[in-house]
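Sequence lines, in order, name chains A and B.
Take the first sequence: its letter number 131 is residue 597 in my numbering, and every next letter is one higher.
Take the second sequence: its letter number 393 is residue 859 in my numbering, and every next letter is one higher.
Protein chains: 2
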Amino acid sequence: MKAIIITIGDEILIGQVLDTNSAWLAEQLQLMNVEVVRMSSISDEHNDIVKTLSEGLSDADLILITGGLGPTKDDITKKSLTEYFETELVFDQEVYLRIEKLLAKFGRKPTEAHRDQAYMPLGVLKLHNELGTAPGMLFKKEEKMVLSMPGVPYEMKYIFHNSFKPILEEKLNHKSIYHRTIQTAGMGESVIAERIEMVTDALPSYVKIAFLPSLGKVRLRLSGSHEDGKQLKTSIDNALNAIVEKIPELVFGFDNDSLESVLMDKCIAKGLSFGTAESCTGGNISARLTKISGSSAYYQGSIISYSNKIKEKQLGVSADTLKRFGAVSKETVLEMAKGACVRLGVDCAVAVSGIAGPGGATKDKPVGTIHIACSNGKHHMHRLLSLSKTRSLNIEYTTNMAILLALKFLEKHY
Amino acid sequence: MKAIIITIGDEILIGQVLDTNSAWLAEQLQLMNVEVVRMSSISDEHNDIVKTLSEGLSDADLILITGGLGPTKDDITKKSLTEYFETELVFDQEVYLRIEKLLAKFGRKPTEAHRDQAYMPLGVLKLHNELGTAPGMLFKKEEKMVLSMPGVPYEMKYIFHNSFKPILEEKLNHKSIYHRTIQTAGMGESVIAERIEMVTDALPSYVKIAFLPSLGKVRLRLSGSHEDGKQLKTSIDNALNAIVEKIPELVFGFDNDSLESVLMDKCIAKGLSFGTAESCTGGNISARLTKISGSSAYYQGSIISYSNKIKEKQLGVSADTLKRFGAVSKETVLEMAKGACVRLGVDCAVAVSGIAGPGGATKDKPVGTIHIACSNGKHHMHRLLSLSKTRSLNIEYTTNMAILLALKFLEKHY
Numbered sequence: 467m468k469a470i471i472i473t474i475g476d477e478i479l480i481g482q483v484l485d486t487n488s489a490w491l492a493e494q495l496q497l498m499n500v501e502v503v504r505m506s507s508i509s510d511e512h513n514d515i516v517k518t519l520s521e522g523l524s525d526a527d528l529i530l531i532t533g534g535l536g537p538t539k540d541d542i543t544k545k546s547l548t549e550y551f552e553t554e555l556v557f558d559q560e561v562y563l564r565i566e567k568l569l570a571k572f573g574r575k576p577t578e579a580h581r582d583q584a585y586m587p588l589g590v591l592k593l594h595n596e597l598g599t600a601p602g603m604l605f606k607k608e609e610k611m612v613l614s615m616p617g618v619p620y621e622m623k624y625i626f627h628n629s630f631k632p633i634l635e636e637k638l639n640h641k642s643i644y645h646r647t648i649q650t651a652g653m654g655e656s657v658i659a660e661r662i663e664m665v666t667d668a669l670p671s672y673v674k675i676a677f678l679p680s681l682g683k684v685r686l687r688l689s690g691s692h693e694d695g696k697q698l699k700t701s702i703d704n705a706l707n708a709i710v711e712k713i714p715e716l717v718f719g720f721d722n723d724s725l726e727s728v729l730m731d732k733c734i735a736k737g738l739s740f741g742t743a744e745s746c747t748g749g750n751i752s753a754r755l756t757k758i759s760g761s762s763a764y765y766q767g768s769i770i771s772y773s774n775k776i777k778e779k780q781l782g783v784s785a786d787t788l789k790r791f792g793a794v795s796k797e798t799v800l801e802m803a804k805g806a807c808v809r810l811g812v813d814c815a816v817a818v819s820g821i822a823g824p825g826g827a828t829k830d831k832p833v834g835t836i837h838i839a840c841s842n843g844k845h846h847m848h849r850l851l852s853l854s855k856t857r858s859l860n861i862e863y864t865t866n867m868a869i870l871l872a873l874k875f876l877e878k879h880y
Numbered sequence: 467m468k469a470i471i472i473t474i475g476d477e478i479l480i481g482q483v484l485d486t487n488s489a490w491l492a493e494q495l496q497l498m499n500v501e502v503v504r505m506s507s508i509s510d511e512h513n514d515i516v517k518t519l520s521e522g523l524s525d526a527d528l529i530l531i532t533g534g535l536g537p538t539k540d541d542i543t544k545k546s547l548t549e550y551f552e553t554e555l556v557f558d559q560e561v562y563l564r565i566e567k568l569l570a571k572f573g574r575k576p577t578e579a580h581r582d583q584a585y586m587p588l589g590v591l592k593l594h595n596e597l598g599t600a601p602g603m604l605f606k607k608e609e610k611m612v613l614s615m616p617g618v619p620y621e622m623k624y625i626f627h628n629s630f631k632p633i634l635e636e637k638l639n640h641k642s643i644y645h646r647t648i649q650t651a652g653m654g655e656s657v658i659a660e661r662i663e664m665v666t667d668a669l670p671s672y673v674k675i676a677f678l679p680s681l682g683k684v685r686l687r688l689s690g691s692h693e694d695g696k697q698l699k700t701s702i703d704n705a706l707n708a709i710v711e712k713i714p715e716l717v718f719g720f721d722n723d724s725l726e727s728v729l730m731d732k733c734i735a736k737g738l739s740f741g742t743a744e745s746c747t748g749g750n751i752s753a754r755l756t757k758i759s760g761s762s763a764y765y766q767g768s769i770i771s772y773s774n775k776i777k778e779k780q781l782g783v784s785a786d787t788l789k790r791f792g793a794v795s796k797e798t799v800l801e802m803a804k805g806a807c808v809r810l811g812v813d814c815a816v817a818v819s820g821i822a823g824p825g826g827a828t829k830d831k832p833v834g835t836i837h838i839a840c841s842n843g844k845h846h847m848h849r850l851l852s853l854s855k856t857r858s859l860n861i862e863y864t865t866n867m868a869i870l871l872a873l874k875f876l877e878k879h880y
């Protein structure tokens, strides 16, 4: 089955809103063996909607549309679809009562705009939206389906997951598609490409490899499709193992693993508590580690010492070290890591101090000079980065390398 | 001038990579009065590239393409463009020497793949890429332009900003388009829509308003185009002022202001130092505040007390409070905020404690129960949130509301 994802909204075309819905939908479809052939973002205009829809239906069996619903959008998607499918809008008591009920929770009553929202295309299949007022709308044309959902991400996800997925699953006859991802960090894509060349050259024609680099990490994605699902799986799993053998020290995980999920798993497995001490990353490492549910089982906390005073007072970095070597130095970051172990009462801590930019450079220390240390009080590891990206990318890159250093530290000492 | 943005890459179509390039480019183009009529993400396939390009050239004057370059992509974009523009690839000594020089920095030599990368379409205008090996390629067809850039965001941004923008600026005859944005927080879009209805109903036909809601914030964007630039500006500025008069307490800024940039500006203007104490947000507030360059002028640091032990030891929350009211309570979060003022030595601090989910709920405190407090040691403000989103959205929403509470606190007490 082939699918096309369409996002409707002027706010996307002027760059004020980043479309994250399409990537989420694409991933869901890929997991269900549906091939996304195209994604389009178009304006809130009737003609654009109808043209894109009509082109889409000639190339694909399924069209997923997000956005362009709701009173402030003048419900343009609903109106365009109604016209395209040659039906009409009729007042839907059920939808109206649900709007009324939802508003009552907040002590409010439906407005005229809410009343307009309750008009639905005749013959459409309404898909329940637990989290908002606009239901999903599923149109069918011969064997093809067009699903319109609100643009609010969590409402869209709810409708797709709970109301649409069961319908789609029933329609699919499971053709064999298979993916595996190898997660690496610490080396660029062309070096990896060279080191695994013997494996990639020998891949069967139905298996493809993709290199997906991002801030110090490279994901290697093996994917393919074949009538014989078992043969496909064997080919891809064998290639995966052969690649890992070529670059064992670069591989930190597989598939949906992230640096932070692997750190969590390792710390929990070894019964270690963990903390951070952050200067230039400003809490980003801590925020990344705690974005995973369950992280409180190993992660204890952090001292974000943006000022030198806090480095001294809360982390116990000596005034002498700060004066002699500066806040951005190996010496300071080591004392920060050791101090974090003591003050936070954790087994292990990673610390970061550097110049994220664009300001703050000195003669000896240009923007992008960043020191990272990991310590357990007895042993330590240190790494110096020299980055040349923007402030926010320097922070994200440093966050990746700090977690990677923690993983290397655990590997060596535990 | 009309433009189309095309992103090439299978990794986007399977949802493994989120396309942020298109939104960035769209914003840049919008600022230059170029209208983006469509964005498309397509696969690494020659036929798709040629078809999308050819359709694009019939609807727009400018096509911006990102991705599909580099050795691991088999330089598919370059090959497809070369064929489409009926030219040929020739070895480019200048490009090759640059690759050689860049690699030499890391003590490496060009591979065969790098040599292939140095073949360029005959007659193309190469646009300098300071940050990578692949230059931008600008093709011209009659009055239309097609620009191909690498998919790596910072390389793409460099080429666009430094090498392409001057060319584009020369080509544009500045037609009048004008945008203003009102930043609001604390109320939903339909309530705002009702409160400003009298203003929006009276807008001239050439001025549009868009409501852009996101996690407790709603941006109101006024935009329009008109031959008379002065009249356009007056109409939009007047509408903006009239809207602000209707909802003064909800407006926290304009245009590119963010909650964190406004907090920074206010603290610096009043000479206040600031810190945070975070439990369930895990450092996200601190990370957001420090993502702005210059934040060290007011922001001092944070204590991330994920564990109760750190709440006690580092923030001075009393064991009795934790026992009687629990970590997720008004009492605890107030002591956290006061403790942060003392321990971090700051004038003002915001503190957060709650259950971000999906685990951690108790009978009295469901997932999404989150307490926020702001204190300067003498005065305080408190707010209780009851959220029902996913973990990461709960964290982002809470971060917005914590910064908003800090702004309200500053307004009241300074």
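For every residue, glycine included, the Cβ atom is placed at its ideal position computed from N, Cα and C.
Residue-level contact to chain B via CB, residue i, 8 Å cutoff
i	result
Arg411(A)	Examination of residue 411(A) is not possible in this model, given that chain A is present from 467 through 880 alone.
Thr864(A)	no
Ile480(A)	yes
Ala806(A)	no
Glu660(A)	yes
Val483(A)	yes
Pro824(A)	yes
Thr486(A)	yes
Met809(A)	Rather than Met, the amino acid found at residue 809(A) in this sequence is Arg. With 8 Å as the cut-off, Arg809(A) counts as an interface residue toward chain B.
Gln780(A)	yes
Asn628(A)	no
Arg857(A)	yes
Cβ-Cβ distance between residue i and residue j below 8 Å
i	j	result
His460(B)	Ser795(B)	As displayed, chain B neither begins before 467 nor continues past 880, which places residue 460(B) out of reach and without an answer.
Met505(B)	Ser689(A)	no
Gly749(A)	Ile662(B)	no
Ile472(B)	Ile529(B)	yes
Ala576(B)	Glu566(B)	Sequence check: residue 576(B) is Pro here, not Ala. Yes, the Cβ-Cβ distance between Pro576(B) and Glu566(B) is below 8 Å.
Val717(B)	Ile821(B)	no
Arg685(A)	Glu726(A)	no
Ser852(B)	Thr835(B)	yes
Residue i, DSSP secondary structure in three states
i	result
Ile836(A)	strand
Gly820(B)	strand
Gly805(B)	helix
Ser689(B)	strand
Met505(B)	strand
Cys814(B)	strand
Met653(A)	coil
Val881(A)	This structure leaves residue 881(A) out entirely; chain A is present only between 467 and 880.
Glu596(B)	coil
Gln482(B)	coil
Phe605(B)	strand
C-beta neighbour in chain A for residue i, strict 8 Å
i	result
Gly767(B)	yes
Gln649(B)	no
Ile838(B)	no
Arg436(B)	Past the edges of chain B, shown from 467 to 880, lies residue 436(B), and the structure says nothing about it.
Gly737(B)	no
Gly748(B)	yes
Residue i versus the options, residue with shortest Cα-Cα distance
i	options	result
His580(B)	Leu593(B), Thr599(B) and Leu588(B)	Thr599(B)
Glu549(B)	Tyr764(B), Glu635(B) and Asn513(B)	Asn513(B)
Lys831(B)	Asp667(B), Val812(B) and Gly792(B)	Gly792(B)
Gly419(A)	Lys855(A), Thr543(A), Asp527(A) and Leu604(A)	Given a span of 467 to 880 for chain A in the structure shown, any question on residue 419(A) remains unanswerable.
Ser509(A)	Ile702(A), Leu638(A) and Gly475(A)	Gly475(A)
Asp558(A)	Ile478(A), Gly573(A), Asp582(A) and Ser546(A)	Asp582(A)
Glu608(B)	Phe551(B), Ser745(B), Leu597(B) and Val816(B)	Phe551(B)
Glu578(B)	Leu788(B), Tyr562(B) and Leu851(B)	Tyr562(B)
Hey, is the segment 695-709 of chain A in contact with the segment 767-785 of chain A, meaning 3+ C-beta pairs nearer than 8 Å?
-> Too few Cβ pairs lie closer than 8 Å, so no.
Evaluate the contact criterion for the segment 477-486 of chain B versus the segment 489-509 of chain A: three or more CB pairs, one atom per stretch, below 8 Å.
-> Enough Cβ pairs lie closer than 8 Å, so yes.
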